[in-house]
Amino acid sequence: MQLRKTSIGIAMVAMMGLFSGVAQAAETIKVGEINHYKRMAAFANPYKDGINLGLDEINAAGGVLGKPLEFIFRDDQGKPGEAIKIAEELMTRDGAVMLTGTILSHVGLAISSYAGEKEHLYLASEPLADALVWEKGNEYTFRLRTSTYMQASMLAEAAAKTSAKTYATIAPNYAYGKDAVAAFKKALLKLRPDVKFVTEQWPALFKIDAGAEVQAIERAKPDAIYNVTFGGDLAKFVREGTTRGLFEGRKVYGLLTGEPEYIDPLKDEAPVGWVVTGYPWYDFKSGPNKVFVDAYMAKYNASPGIGSLVGYMTAKSVAAGITAAGSTDTEALVKAFKGLTLQTPVGEITFRKQDHQSTMGAFVGTTALRDGGGVMVNWEYKEGADYLPSDEEVKMMRPAAK
Amino acid sequence: MGLFIAQLLTGLANAAGLFLVASGLSLIFGVTRIVNFAHGSFYMLGAFIGYSLMQVLPGFFGFWASVLLAGVAVGLIGVIVEICVLRPVYKAPELFQLVATFGVILVIQDLALMTWGAVDVLGPRVPGLKGIVRVLGEPVPQYDLALIALTPFVLFALWYLISKTRIGILVRAATQDREMVGALGVNQAWLFTGVFFLGAALAGIGGAIQLPKGGADLLMDFNILAAIFVVVVIGGMGSLPGAYIAAVLISVLNVFGVTYIPQSTLVLMFVVMAVVLMVKPYGLLGREEVAGEHGQVGEPERPFKPAGTQGRLLVGGLLAILAFVPLFGSSFLSVLVSDVLIFCLFAASLHFILGLGGLVSFGHAAYFGGGAYVAALLVSTVGAPMEVAFLLAPVGACLGAVIIGWLCIRLTGVYFAMLTMAFAQLLWSLVFQWDEFTGGDDGLVDIWPAPWLSGTTAYYYLTLVVGVGGIIFLRHMAHTPFGYALRASRDSKRQAEATGIHTKRIQWAAFAFAGAMAGLAGSLFVFSKGSIFPTELEIARSFDALIVIFLGGVKTLSGAVVGGASLEFVKDFLTRFEYWRLTLGLLIIVVVILAPDGIVGSLRKFGERLGVLRGVEN
Chain A
1 MQLRKTSIGI AMVAMMGLFS GVAQAAETIK VGEINHYKRM AAFANPYKDG INLGLDEINA
61 AGGVLGKPLE FIFRDDQGKP GEAIKIAEEL MTRDGAVMLT GTILSHVGLA ISSYAGEKEH
121 LYLASEPLAD ALVWEKGNEY TFRLRTSTYM QASMLAEAAA KTSAKTYATI APNYAYGKDA
181 VAAFKKALLK LRPDVKFVTE QWPALFKIDA GAEVQAIERA KPDAIYNVTF GGDLAKFVRE
241 GTTRGLFEGR KVYGLLTGEP EYIDPLKDEA PVGWVVTGYP WYDFKSGPNK VFVDAYMAKY
301 NASPGIGSLV GYMTAKSVAA GITAAGSTDT EALVKAFKGL TLQTPVGEIT FRKQDHQSTM
361 GAFVGTTALR DGGGVMVNWE YKEGADYLPS DEEVKMMRPA AK
Chain B
1 MGLFIAQLLT GLANAAGLFL VASGLSLIFG VTRIVNFAHG SFYMLGAFIG YSLMQVLPGF
61 FGFWASVLLA GVAVGLIGVI VEICVLRPVY KAPELFQLVA TFGVILVIQD LALMTWGAVD
121 VLGPRVPGLK GIVRVLGEPV PQYDLALIAL TPFVLFALWY LISKTRIGIL VRAATQDREM
181 VGALGVNQAW LFTGVFFLGA ALAGIGGAIQ LPKGGADLLM DFNILAAIFV VVVIGGMGSL
241 PGAYIAAVLI SVLNVFGVTY IPQSTLVLMF VVMAVVLMVK PYGLLGREEV AGEHGQVGEP
301 ERPFKPAGTQ GRLLVGGLLA ILAFVPLFGS SFLSVLVSDV LIFCLFAASL HFILGLGGLV
361 SFGHAAYFGG GAYVAALLVS TVGAPMEVAF LLAPVGACLG AVIIGWLCIR LTGVYFAMLT
421 MAFAQLLWSL VFQWDEFTGG DDGLVDIWPA PWLSGTTAYY YLTLVVGVGG IIFLRHMAHT
481 PFGYALRASR DSKRQAEATG IHTKRIQWAA FAFAGAMAGL AGSLFVFSKG SIFPTELEIA
541 RSFDALIVIF LGGVKTLSGA VVGGASLEFV KDFLTRFEYW RLTLGLLIIV VVILAPDGIV
601 GSLRKFGERL GVLRGVEN
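Residue numbers (my numbering), protein chains in the order written: chain A, 1 to 402; chain B, 1 to 618.
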C-alpha cells in the first residue's frame, strides 16, 4: 500500500515539474497546429509539408513582425476531446498566438466552440462542414478551404446544363455526406426544378458494401449519379460500379473525386468522364499555381495534393493576418482576419467579413486516364465567391455569431 | 426476381471474406479463451502482404499463391505474437490478455504505416476473373461467384480438420476443458500456438482475398472489428458452422438493408445481434459456457480491506497536492489533471462491476457518453441551466443502465460482454444517425458551464471534488454490505443465493450504479470540453477503460485509478513524438509481461518481497 501511494505521489510531482515548465522567452511567433497526423496520415502529411514550404518562404523573407514564424504540430488522434486539451496546452503553456488545423469536421467544430468560449483565434484550414461558419459560426473562427456547399454548388451548376432528369446520390452516412447531398439538391433544384432524385444511398463511412450499393442504384435506373464517397469507399464503389456496368451511359458527378489524395490510389482504374472537383497540379503551364507546384516538388520530390495547397495557404494566411494586425493580440488578429485579402497560388482570396469563410475556389473538370493514372481534363478554376449564399441568407444562417 | 437473386449472390460473396476472418477469431477464442482485439490487425496485414506479393507474382496462379502465402505469413506473425506476447501472460487473470493484444494493435498500426506508407492501395483484379456473368439479366462479377464457390470448400476443410483429425480432436477437447487436456499429457503451449497460427492465417487469407473487391488501408483493422465480433457471437463463440451461418445472415441482411432502409444500415447488424442473443443467449450454434476453469486461474484473490492510516495519509497528501495545482501549475496542468480525473472516474465505475461483480462490460462508454449526451441535450434543446443538466446526466445514464442491465444480466461471461457491446453500439449508431436530434457526427457544441464555474480554476475544483468524491464513493461501496453481496454473487452464485442474496438483483443494481457513476464522469467531461460527439460512445472508448483496469490491476481496489492516471499521463507525453503508437504499444506489452497482476498488484507483490509491505496472513 505504502509503496504504491508513494510511487503515485512521486510520479505526480515529477509530472507537475515536467508540465509546469517555465514559459520560454518568445523569440518566435508560434502558431498551434492540431491535426490527425496518424489517423489520416495520407492527408495530413502533404498538408504539413505545404505548411513547412510556406514557412520557409515566410521566414526567408524576414518572418512576421520581425520575428520568425513557427508552427507547433500536434497529433490529436482524431479525438475532439483530445484536440481541446492540446489546444489549451498550445495556447496557455506553449505561447501560441492562434490555432490552425484539423481535417475531420467534428474535431474542427469542437475546437471552434472552444475558441469561441476562450476567445482564441482559430483558422480552420481543412474541415469542410458548413456549420463551421454558419449554424455554429462564431466570432473567433475562420475557415480557409472551399466548403462542401461551395463545391456541391459548382457540380450542381455543371449538372444543370445536361438533359439528365433523374438522379441517384451516394454519400457516406455522416454529417459531411448529408451536407454534401443537401447542398447539391438545393442548388440543382434551384436551377432545374424538373429534376427528380430517385434514390439516395447512405453507406456507412469506410464500411461500404459496394456490390449492394451498385445494385440498389441500378435498380432505380437514374440518368445521372452524384457521388460523395471517398477514400477506400470510393475505390470499392468505382470497382464494383465499373465491373457491373453502372456508369455506362450515365453522367456521374463526384465531389472531391479529382483530388490527388483520392484519385491517385485508383491508378488505371480511375473513372473516366466523371465531372469532379479536384486539383490538377500536373497541368499548370505558368503563373502562381505553377510556381507553387515547382517549389513543392523541388523541396519534397513528391507531387502535391490538395492538402499541400491548403497547408501552404494556411501558413500564408496566418502570416498575412499577423502582419495586417501588427500584433499578436487576439482581438487585433480577429479584426485583421475580417476581410483579410492575400495572394495565393490560386489567385486572390478574401476572408469574408460576414461569415469568416475564405473565397478560395475549386477546380472543376472531367476525369480521364493519362499514363496509367486518373487526371482531370478540361478543368476550370471556379471562384469561391460566386458560389456562396447572399449576405441576407448568411445572416439568417449564422445565429450564434455576433 | 433477377435482382433478388443478384442481391442474394452479392450477400453470399460478402459473407465469404467475413466468414474467413471471423472463423479465425472464433477458433482462437474457443481454444485459448483470448478475446483477440488484434484480429483486425491480422486481417489488415493479410491485405497489405497479399498486395505486395501480388505485385511480384503475376497471373491467375500468382494471385491465388499470393493469397495463400499472405495467410502463411500472417499466421507466422500470429505465432510470434503468441510466443512473445501472450505466452508470458496466460497465467494472468481471465481477459488480461486482451490488454496485450491491444498493445499489438498499436504496434502493428505503426509498423504498417512505416512499411506500406499512408496512401490507400487498390487491390489488383484477378486475371481471368475480371468480367461479369449475367444471372437472369443481372450482372454478377465472376470473382463474386468464385468466392461463393470457394467458401464451402474452406468450411469443409476446416470442418474436416476439426472433426476428423487428431489435431482437431485436441482442439475440440481444449475448447471444452483445456486443463483436462493438459492433464492428459498434451503439450498445451504448442496446441495454443498452432491454433493461433491457424486463426491468424485465416484472418490473413480473409484480408488478401478481399483485395479484388477493394484494397488495403490503415483503418481497416478497426473497421472490421465490430463486424467479426458480431458474427462470432451470433454464430456462437467457437462454432465454425455457426460463424458461417452468421456471416451469411449478416451479409445478406445488409445487402437488402442497403436497398430498403439505406439510412439505417449501421444499426441493423447490432439489432440482429441483440435479438439473437436475447432469444438464444449463446448464439445460434454455441454451447453454454462451461464455467470450465476448475476454480479461478492463478492464485486466489485476496480479501479487500479499507486503507490503513498510512494509506489514508498518503491519499490525503496527494489530494492536497492536487488542490494546489491551480495555484502553482499552469492552466494547462489543471486541464490535464481534470482530464485524467474524469477518465479515472469513468474507469473506476467500470472497475466496480468488473472487479467486484465479475461483470465484464464491453460497452461501458454507453453510460459515459450517454450521460454526456443527456446533459448536452438538456442544455441545447430545452435550455436547462448547467447545474440541472449536470445533475440529471447521471440519472439519465442510470436509467439507461437499468434498462440495458435488465436485458443483459441474464447472460454471463463473454456473452454478457458482447451483449453490452451490442447495446452500446446500438446507442452509438442511434446518436450517429439521428442527426436532427443529436447533431449526428457533428455532435452538440457550445455546452459550456455556468458563469460561476466557467474559469479553468473553478471548473478544476468542481472536477476535483466530484471526481475524487465519486472515486472514493465507489471505493466505499466495496466495503458496504452491498459490495460484499456483489462479490459473493461473483465468487459463488449458489452459496450466495443459499444465504439469501438475490444475485441477479444485486448485479443489476451494481450495473445501474456503475452506469450512474459513468454518467457523472460524462457530465464532467461534456462541460469541460464544451462539446460532445459520438466518438465518446464508440467501442474504442469502452476499451480504453477496460484496458486501464487490467493494466492497473483488476484484482485490486485502486487498479482503475492507478492504471488510468498512468496511461493518460504517458499518452499525453508520448503523443508528442512521431511513432508514439509503436512506443505506447511496446510499453503496454512490456508492462503486461512484467506485471501480470497489473501495476498495483505487481508493485504490491514486489513490495512484499522486499519486506516493505506485509503479505497476506495465512
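A virtual CB, placed ideally from N, CA and C, is assigned to each residue, including glycine.
In the assembly as shown, Thr-162 of chain A is an exposed residue. Its beta-carbon has fewer than 16 other beta-carbons within 10 Å. When rounded, the separation of the alpha-carbon atoms in Gly-2 of chain B and Phe-256 of chain B is 14 Å. For the segment 325-375 of chain A, the continuous alpha helix (DSSP H) assignments of 4+ residues that do not extend past its boundaries occur at 330-337, in sequence order. Chain A places a beta carbon closer than 8 Å to that of Ser-330 of chain B, counting this residue as a contact. Across the set A:Glu-117, A:Thr-166, A:Leu-128, A:Pro-304, the C-alpha of A:Pro-304 shows the shortest separation from the C-alpha of Ala-42 of chain A.
Not a single C-beta of chain A is nearer than 8 Å to the C-beta of Lys-493 of chain B. Its Cα nearest to that of Gly-357 of chain B, the residue B:Ala-512 stands out among B:Leu-378, B:Ala-512, B:Val-431, B:Val-335.
Taken in chain order, the unbroken stretches of alpha helix (DSSP H) that lie wholly in the segment 184-242 of chain A and span 4 residues or more are 210-220. The Cβ of Thr-381 of chain B sits no closer than 8 Å to any Cβ of chain A. Counted as a single uninterrupted DSSP element, the alpha helix (DSSP H) harbouring Pro-46 of chain A occupies residues 41-60.
Judged by DSSP secondary structure, Tyr-460 of chain B falls within the alpha helix (DSSP H) whose first and last residues are 456-478. Within 10 angstroms of the beta-carbon of Leu-546 of chain B lie 16 or more other beta-carbons, which makes it buried. For the 8 Å CB-CB criterion, Gly-40 of chain B and Leu-225 of chain B form a contact. For the options B:Ile-353, B:Asp-442, B:Leu-567, the alpha carbon positioned closest to that of Met-477 of chain B is the one of B:Ile-353. For Ala-362 of chain A, the closest C-alpha among the options A:Thr-100, A:Met-150, A:Phe-230, A:Thr-229 is that of A:Met-150. The beta strand (DSSP E) runs lying completely inside the segment 512-561 of chain B and spanning 3 residues or more number zero. Note that the C-beta distance between Ala-560 of chain B and His-364 of chain B is not below 8 Å. For Gly-245 of chain A, the nearest beta carbon of chain B is closer than 8 Å to its own beta carbon.
Between Gly-24 of chain B and Ala-200 of chain B, the C-beta spacing is below 8 Å.
Shown here, Gly-254 of chain A sits in a strand according to DSSP, grouped into three states. Glu-240 of chain A sits buried, since 16 or more C-beta atoms from the chains shown fall within 10 Å of its C-beta. For the options A:Asp-355, A:Leu-69, A:Asn-45, the alpha carbon positioned closest to that of Gly-54 of chain A is the one of A:Leu-69. Contacts with chain B at 8 Å (Cβ-Cβ) include Phe-206 of chain A. Within the same chain, Cβ atoms closer than 7 Å to the Cβ of Ile-208 of chain A are found at Thr-229, Asp-233, Lys-236, Phe-237, the five residues on either side in sequence being excluded. Within chain B, the C-beta atoms nearer than 7 Å to that of Glu-117 of chain A come from Trp-448, Gly-530, in chain order. Within the segment 450-479 of chain B, those residues whose Cβ lies closer than 9 Å to any Cβ of chain A are, in chain order, Ser-454, Thr-456. Relative to the Cα of Lys-571 of chain B, the nearest Cα in the group A:Gln-77, A:Leu-255, A:Thr-350 belongs to A:Gln-77. The beta carbon of Pro-326 of chain B lies closer than 6 Å to those of Ser-334, Thr-457, Tyr-460 in the same chain, with the five residues before and after it left out. Bounds of the alpha helix (DSSP H) holding Thr-32 of chain B are 2-32. Closest in C-alpha terms to Gln-507 of chain B, from the list B:Leu-444, B:Thr-412, B:His-479, B:Ile-539, comes B:Thr-412. Between Ile-589 of chain B and Gln-354 of chain A, the alpha-carbon positions lie close to 53 Å from each other.
By the criterion of a C-beta distance shorter than 6 Å, Thr-10 of chain B is surrounded in its chain by Val-255, once the five residues flanking it on both sides are discounted. Rounded to whole angstroms, the gap between the alpha carbons of Val-562 of chain B and Phe-332 of chain B is 21 Å. Across the segment 86-111 of chain A, CB contacts with chain B closer than 7 Å involve Glu-88, Glu-89, Thr-92, Arg-93, Ser-105, His-106, Leu-109, Ala-110, in sequence order along the chain. In this structure, the alpha-carbon of Leu-567 of chain B lies about 20 Å from that of Gly-470 of chain B. Taking CB atoms only, Leu-147 of chain B has no neighbour in chain A less than 8 Å away.
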